[in-house]
Amino acid sequence: MARLSTMGAVVLTINKICEQGGRDLSTEKVGFIGLGSVGMNVLPLMLKCLPHPQEITLCDIYSKLEFLENIKQDLVQRLGFKGQINVALSKTTVPEVIYDSTLIVGATNVPDVLDIRQVKPGTLIVDDSGPHCFSVEQAIQRFQEQEDILFSEGGMLRSPSPITTTVHLQPSVEKILNKAQRAAVFNSNPFNIMGCGFSGLLSSKFEQLEPIVGMGDGEESQLHYQILQELEFEAGDLHCEHYVLPKTSIANFRHHFGKEL
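For the sequence shown, our numbering assigns the number 252 to the initial residue and increments by one for each residue that follows.
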């Protein structure tokens, strides 16, 4: 089943992290790390559903230069983007130009290509990479100590009402779970649901959302996004793995790095 609701969840998270950070997407410099199936769906959906940013940087591996140039042309001709577009090629880590981005969207399958230590103060990060494109441990430590970045996974949705979940674990499995793993299984947020799991539910409920194998296209992603909004779904709380960014710390970030909108 296509992960179309995941694309919607990532775009909702981009919108949410801007709102909670006191920022306007139209003034941001957005860097995309990874232009595979996820990045190629999230980028056009963002441009269709949210204000266009000031600048976009496309970052992927060297062998994709021609592919990235084609994307650049498509952003201008088909999606009407009028801002600056940069093409940045990488090998094992992202190039320096990515660190000039004020909002970074991760959609790669290469771990730790983004060095949290080099990320500039005030940067927003939304990551739908698997594994994460940055060190989660370093990001949490920096946020707790300095409160000068905001980051979140991008695939979580928040329901307007709690969702009932039935969990069954074999005793042998439950016995080997540590405290954090047990809490993640039994004490999960009842309002949260992963976008990838929600896609199939939406397709079974709404006739206009046909079941799709694979990633689908831009029009289908936009339909899922519109239905999510009509159902009053939002992005999940800013979080990464089991860590949820505290509201007081987010407010401190907004005070120092937000802009008067």
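Even glycine gets a Cβ: it sits at the ideal position worked out from N, Cα and C.
- Our two residues, P411 and N440, have alpha carbons roughly 12 Å apart in a direct line.
- Residue pairing by DSSP places K280 opposite E306 in a beta bridge.
- By a beta-carbon distance limit of 8 Å, M258 does not contact S403. Their separation comes to about 16 Å.
- Taking C-beta atoms as the reference points, G272 and R505 count as a pair closer than 8 Å.
- One thing to note: G285 has its Cβ within 8 Å of the Cβ of D311.
- Taking 8 Å as the upper bound for CB-CB distance, V289 and A358 are in contact here, some 4 Å apart.
- Taking the C-beta atoms as reference points, V261 is found no nearer than 8 Å to G381.
- Look at S314 here: in three-state DSSP terms it is helix.
- Beyond the five residues adjoining it in sequence on each side, G509 comes within less than 7 Å, by CB distance, of G272, G273 and R274 in the same chain, given in chain order.
- For A339 and I322, the gap between their C-alpha atoms comes out near 13 Å.
- One thing to note: E279 has its Cβ within 8 Å of the Cβ of Q305.
- Looking at the backbone, the Cα of E492 and that of L401 are separated by about 14 Å.
- Under the DSSP definition of a beta bridge, E485 partners with R409.
- For G357, DSSP records a beta bridge to I284 and D378.
- Contact check between the region 417-424 and the region 383-402: fewer than three CB pairs, one atom from each, fall below 8 Å, which does not count as touching.
- Under DSSP, the beta-bridge partners assigned to I336 are I307.
- The closest CA to that of H507, considering only E398, F442 and F484, is found on E398.
- For I391, the uninterrupted alpha helix (DSSP H) segment begins and ends at V387 to Q397.
- Note on geometry: alpha-carbon atoms of Q477 and D378 lie some 22 Å from one another.
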